[in-house]
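Student: Pasting a structure here, questions to come.
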DNA sequence: GGGATGACAGATTTCAATATCTGTCATCCC
DNA sequence: GGGATGACAGATATTGAAATCTGTCATCCC
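Chains as they are written, first to last, in the numbering used here: chain A, 1 to 195; chain B, 1 to 195.
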């Protein structure tokens with residue numbers, strides 16, 4: 001069992017590969033097992049269902065895609081600048097992935113949509129990063145103090161949905177997209193600012 | 001030909017009825033012709049294609065759904081109040097339709113998505129209504145003067161997408177939806193306000 | 001003449017038979 | 001013992017033949 005031990009991580013990697021090659025509609029557990037040279041029963045020893053395996057792949061992908069954001073949220077710059085940088089990093093990462101490999105991006109959009117709980121957890125994480133920035137901005141007197149930081153974070157997240165929700169990905173390559181994004185961030189920052 | 005003359009309007013009405021009953025996936029031109037008691041060739045005398053007929057139905061539905069908005073845009077109240085009322089009317093109309101008859105709403109969501117030009121034209125109309133309100137607000141000194149009204153209107157429209165884009169319809173019945181909407185409108189209005 | 005018709009070709013959809021997949025579990029083998 | 005296996009039942013997907021639909025047009029009929 002020594003060097004040939006099949007790890008959960010290996011299965012996730014194989015599943016990611018199969019999804020990349022076949023797409024979400026065609027990728028099967030049997031494909032994953034075949035890629036690993038084991039029977040599909042073995043995969044079910046590590047994951048209770050196909051959905052759970054796909055959820056694990058999705059979770060890892062979402063975490064990696066937004067790995068740079070926590071550092072921005074807790075950075076040393078002023079909160080308003082950090083908020084702008086954070087939103088730009090989120091939009092930039094999504095846009096780059098969507099344009100670099102549209103098929104793969106579409107695959108992960110489907111995966112994220114199908115495992116709602118993974119997505120919800122991810123979005124909650126992002127919103128709490130935003131909330132940290134906003135709370136510090138309120139403490140510094142840069143942002144208006146009326147309003148709970150987490151609620152404001154959710155509102156800011158909703159207001160910028162067009163620039164991070166995958167359903168809008170086709171619009172991110174429009175000529176005016178980056179200009180519109182900058183203007184929207186400007187509006188949001190003026191909305192948050194202390195009077 | 002006197003009283004039995006088949007009008008374009010009658011065909012649109014029959015098509016609307018067929019779409020309501022069968023849904024966008026099943027409704028056919030033959031169904032529409034059958035409902036009118038004519039051959040399907042006759043329908044093609046009035047519309048160049050199935051897509052054009054469906055586009056006509058969509059156009060009429062969109063116009064009727066938002067018939068109340070122009071009056072609000074040109075109303076007598078202050079621009080900031082009008083902006084809030086206009087956005088509330090838009091969200092309210094969509095939400096009511098989505099909750100009253102989800103199937104019909106889904107049908108029209110599909111129709112709107114499939115005939116992009118009709119939708120684009122409709123959105124342009126809505127944005128120009130917003131632009132009128134914003135321009136007046138700038139003239140009155142209520143809104144900041146930096147920024148072209150039409151661009152600002154587009155940004156406001158994008159910022160509130162979550163509360164009018166049909167893809168988000170499932171979220172409109174969430175308990176927090178109305179509260180979030182009010183908070184978002186508040187943020188947008190503060191963002192537009194003159195300092 | 002001008003609008004309605006229905007036969008037609010090619011494209012699309014439906015349907016049922018067939019194949020594959022998901023998830024379980026008794027069995028195997030190191 | 002503990003992990004891997006593969007046969008199995010029910011669910012889902014694929015496939016190809018048959019049916020229907022879209023769009024055209026020569027013809028009909030008021």
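The beta carbon of each residue, even a glycine, is placed where N, CA and C say it ideally should be. Keep in mind that this is a model prediction, so the values were computed, not measured.
(1) Mind checking whether residue 155/B and residue 183/A have CB atoms under 8 Å apart?
(2) Figure out for me which residue from 186/A, 146/A and 112/A has the closest Cα to the Cα of residue 19/A.
(3) Between residue 167/B and chain A, is there a C-beta pair that is closer than 8 Å?
(4) Could you confirm whether any beta carbon from chain A is found closer than 8 Å to the beta carbon of residue 188/B?
(5) Could you say which of 82/A, 176/A, 104/A and 90/A lies nearest to residue 25/A if we only look at CA atoms?
(6) Which residues in the same chain have their Cβ closer than 7 Å to the Cβ of residue 8/B, if we skip the five residues on either side of it in sequence?
(7) Between the region 44 to 63 of chain B and the region 152 to 166 of chain B, are three or more C-beta pairs nearer than 8 Å?
(8) Assign residue 25/A to one of three DSSP states: helix, strand, or coil.
(9) If we cut at 8 Å on Cβ distances, does residue 8/A have a partner in chain B?
(10) Tell me the rounded alpha-carbon separation between residue 65/A and residue 132/A.
(11) Taking only beta-carbon atoms, is residue 184/B less than 8 Å away from chain A?
(12) Tell me the rounded alpha-carbon separation between residue 127/B and residue 180/A.
(13) Inspect the beta-carbon positions of residue 38/A and residue 6/A and report whether they are closer than 8 Å.
(14) Thinking C-beta only, is residue 142/B closer than 8 Å to residue 63/B?
(15) Name the chain A residues whose beta carbon is nearer than 7 Å to that of residue 159/B?
(16) Which term fits residue 116/A, buried or exposed, when burial requires 16 or more other beta carbons within 10 angstroms of its beta carbon?
(17) Can you tell me the Cα-Cα spacing of residue 86/B and residue 73/B, whole angstroms?
(18) Where do the ends of the alpha helix (DSSP H) carrying residue 111/B lie?
(19) Determine whether the Cβ of residue 178/B lies closer than 8 Å to any Cβ atom of chain A.
(20) State the beta-bridge partners of residue 193/B as determined by DSSP.
(21) Express the C-alpha separation of residue 118/A and residue 50/A in angstroms, rounding to a whole number.
(22) So, using beta-carbon positions, are residue 191/A and residue 187/B closer together than 8 Å?
(23) Could you pull out every residue in the same chain whose Cβ sits closer than 6 Å to the Cβ of residue 3/B, ignoring the five residues on either side in sequence?
(24) Report yes or no: is there a C-beta of chain B within less than 8 Å of the C-beta of residue 151/A?
(25) Quick one: Cα of residue 71/A to Cα of residue 30/A, how far?
(26) Can you name, in chain order, every residue of its own chain whose Cβ lies under 7 Å from the Cβ of residue 33/B, other than the five neighbours on each side?
(27) Locate the alpha helix (DSSP H) running through residue 154/B, then write down its first and last residues.
(28) How about residue 92/B and residue 82/B: are their beta carbons less than 8 Å apart?
(29) Can you give, in chain order, each stretch of the alpha helix (DSSP H) that sits fully within the region 39 to 93 of chain A and has at least 4 residues?
(30) Closer than 6 Å by C-beta to residue 53/A: which residues in its own chain qualify, once you throw out the five before and the five after it? Chain order, please.
(31) Among residues of its own chain, excluding the 5 on either side of residue 135/B, which ones have a beta-carbon nearer than 8 Å to its beta-carbon?
(32) Please report the distance separating the alpha-carbon of residue 110/B from that of residue 175/A.
(33) Taking residue 154/B as the query, report the chain A residues whose CB atoms sit under 8 Å from its CB, ordered along the chain.
Tutor: In this structure, then:
(1) Working through the second chain from its first residue, we reach residue 155/B at position 155. Working through the first chain from its first residue, we reach residue 183/A at position 183. Yes, the pair counts as a contact, with Cβ atoms nearer than the cut-off.
(2) Position 19 of the first chain, counted from the start, is the residue given in the question as residue 19/A. The shortest Cα separation from residue 19/A among 186/A, 146/A and 112/A belongs to 112/A.
(3) Within the second chain, residue 167/B is the residue found at index 167, counting from 1. For residue 167/B, the answer is yes, since a Cβ of chain A falls inside 8 Å of its Cβ.
(4) Walking along the second chain from the start, residue 188/B turns up at place 188. Output row for residue 188/B: interface = yes.
(5) The residue labelled residue 25/A in the question sits at position 25 within the first chain. Answer by Cα proximity: 104/A.
(6) Position 8 of the second chain holds residue 8/B. Closer than 7 Å at the Cβ level, and outside the excluded window around residue 8/B, lie 46.
(7) no
(8) What you label residue 25/A is simply residue 25 of the first chain in a count that begins at 1. DSSP places residue 25/A in coil when its eight states are reduced to three.
(9) Locating residue 8/A in the first chain gives position 8, counting from the first residue. Closer than 8 Å: no.
(10) Reading the first chain from its first residue, position 65 is the one you call residue 65/A. Reading the first chain from its first residue, position 132 is the one you call residue 132/A. Computed Cα separation, rounded: 20 Å.
(11) Here residue 184/B corresponds to residue number 184 of the second chain, with the count starting at 1. Closer than 8 Å to some Cβ of chain A, the Cβ of residue 184/B qualifies, so yes.
(12) For the purposes of this step, residue 127/B is identified with residue 127 of the second chain, where counting begins at 1. For the purposes of this step, residue 180/A is identified with residue 180 of the first chain, where counting begins at 1. Going from the Cα of residue 127/B to the Cα of residue 180/A covers about 14 Å.
(13) Taking the first residue of the first chain as 1, we reach residue 38/A at position 38. Taking the first residue of the first chain as 1, we reach residue 6/A at position 6. Contact: yes.
(14) Walking along the second chain from the start, residue 63/B turns up at place 63. Walking along the second chain from the start, residue 142/B turns up at place 142. Cβ distance not < 8 Å, so residue 63/B and residue 142/B don't count as in contact.
(15) Stepping through the second chain from its first residue, residue 159/B is reached at position 159. The contacting residues are 159, 184 and 187.
(16) Counted from its first residue, the first chain places residue 116/A at position 116. So residue 116/A counts as exposed.
(17) For the purposes of this step, residue 86/B is taken as residue 86 along the second chain, with counting starting at 1. For the purposes of this step, residue 73/B is taken as residue 73 along the second chain, with counting starting at 1. Answer to the nearest angstrom: the Cα atoms are 7 Å apart.
(18) Walking along the second chain from the start, residue 111/B turns up at place 111. Here the alpha helix (DSSP H) through residue 111/B covers 102 to 114.
(19) Numbered from its first residue, the second chain carries residue 178/B at position 178. Cβ-Cβ to chain A under 8 Å: no for residue 178/B.
(20) As a position in the second chain, residue 193/B is number 193, starting the count at 1. Its beta-bridge partners are 143/B.
(21) What you label residue 50/A is simply residue 50 of the first chain in a count that begins at 1. What you label residue 118/A is simply residue 118 of the first chain in a count that begins at 1. Spanning the two alpha carbons is a distance of roughly 14 Å.
(22) The residue you call residue 191/A lines up with position 191 of the first chain. The residue you call residue 187/B lines up with position 187 of the second chain. Against a cut-off of 8 Å, the Cβ pair of residue 187/B and residue 191/A comes out as a contact.
(23) Start at 1 with the first residue of the second chain, and residue 3/B comes out as number 3. Unreliable positioning characterises residue 3/B in this predicted model, as indicated by a pLDDT of 41, which lies under 50. The coordinate reading is nonetheless provided below. Nothing listed; no residue qualifies.
(24) If you number the first chain from 1, residue 151/A lands on position 151. Residue 151/A counts as touching chain B.
(25) By 1-based counting over the first chain, the position of residue 71/A is 71. By 1-based counting over the first chain, the position of residue 30/A is 30. Between residue 71/A and residue 30/A, the C-alpha separation is close to 39 Å.
(26) Working through the second chain from its first residue, we reach residue 33/B at position 33. For residue 33/B, where only same-chain residues beyond five positions count, the Cβ hits under 7 Å are 39, 40, 42 and 43.
(27) On the second chain, residue 154/B is found 154 positions in, with the first residue counted as 1. Its alpha helix (DSSP H) spans residues 149 to 159.
(28) As a first step, residue 92/B must be located in the second chain, where it is residue number 92. As a first step, residue 82/B must be located in the second chain, where it is residue number 82. No, the Cβ-Cβ distance between residue 92/B and residue 82/B is not below 8 Å.
(29) 40 to 46, 50 to 65 and 69 to 73
(30) Reading the first chain from its first residue, position 53 is the one you call residue 53/A. If we look at residue 53/A and ignore the five residues flanking it on each side, its Cβ neighbours are 15 and 47.
(31) Reading the second chain from its first residue, position 135 is the one you call residue 135/B. Excluding sequence neighbours, residue 135/B sits near 149.
(32) Position 110 of the second chain, counted from the first residue, corresponds to residue 110/B. Position 175 of the first chain, counted from the first residue, corresponds to residue 175/A. Each residue's Cα considered, the two are about 26 Å apart.
(33) The sequence position of residue 154/B within the second chain is 154, counting from 1. Those within 8 Å of residue 154/B in chain A are 180.
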